[in-house]
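When we follow my numbering, the leftmost residue of the sequence shown carries the number 1, and every step to the right adds one. Note that beta-carbon positions come from the ideal geometry of N, C-alpha and C, so glycine has one too. Please read these numbers as outputs of a predicted model, since none were measured by experiment. Down below is the structure, laid out as structure tokens.
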Amino acid sequence: MKQIRVADKQSPLYADFEQLYRISFPIFEQRTEEQQLLAFSSPSYHLVAYVEDGTFVGFIAYWEFTHYLYIEHFAIHTDLRGKGYGSIVLKALQDSCDKRLLLEIDPVTDDVSAKRLHFYELNGFSANPYPHIHPPYREGFHGHDLVVLTTKGKITQDEYTQFAWDLRGIVMCF
């Protein structure tokens, strides 16, 4: 599978990314177009599209920090889910660096959220015990409870505090 960096709105795969992004995440978890364009200006932000045999498979958007990569958004095309592509993409990211991966998911409340947690556990992620509220991307919405998952085991309270600061002080400022 080919990895292609999407660096701006003019990138050939930006439209594919945007379409999948808009249908994969609720509005309060989405950046506005202006916020997305601003994120591209940060050297810490990476948006990578995955293509196989000319078909757009999905994307992963992450922020690179000193000791970890924060996966802000990750989605596989709806027609290709359940075929192993998500695991391939996560493994490729894990293999590309020696840093811990960190992401957030909704708390387990039903079969769908339980399957999502199970998927990430199968891919080497562990749930962390720290109460976590992700700030809203858009005005008019409230922060929402999420569970922090990490590779390479659970993080310490100090590591969680650093992530919470990076999220609010860097990621959400773009």
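DSSP state of residue i mapped onto helix, strand, coil
i: Ser126; result: strand
i: Val108; result: coil
i: Ile60; result: strand
i: Val48; result: strand
Residue i at chain D interface by Cβ criterion, 8 Å
i: Ile60; result: The structure shown has no chain D; it contains just one protein chain.
Residue i, buried or exposed, once every other Cβ within 10 Å from all chains shown has been counted against 16
i: Thr109; result: exposed
i: Thr150; result: buried
i: Trp63; result: buried
i: Arg31; result: buried
i: Ile23; result: exposed
i: His118; result: exposed
i: Ala61; result: buried
i: Val89; result: buried
Residues near residue i by beta carbon distance below 6 Å, same chain, minus five either side
i: Lys152; result: Arg100
i: Tyr120; result: Leu149
i: Leu47; result: Val6 and Ala61
Proximity of residue i and residue j at Cβ, strictly below 8 Å
i: Phe59; j: Leu20; result: yes
i: Asp106; j: Leu146; result: yes
i: Val148; j: Leu93; result: no
i: Arg116; j: Phe28; result: no
Sequence-distant residues of the same chain with beta carbon closer than 7 Å to residue i, five excluded per side
i: Met172; result: Pro135
i: Phe40; result: Ala7 and Asp8
i: Arg81; result: none
i: His77; result: Leu20, Phe56, Val57 and Gly58
i: Glu33; result: none
Residues near residue i by beta carbon distance below 8 Å, same chain, minus five either side
i: Glu104; result: His132, His134, Leu146, Val147, Val148 and Leu149
> If you scan the region 64-102 from start to end, which runs of the alpha helix (DSSP H) of 4 or more residues do you find wholly inside it?
Replying inline: 85-96
>> Which runs of the alpha helix (DSSP H) at least 4 residues long sit entirely within the region 128-173? Give them in chain order.
In response: 157-169
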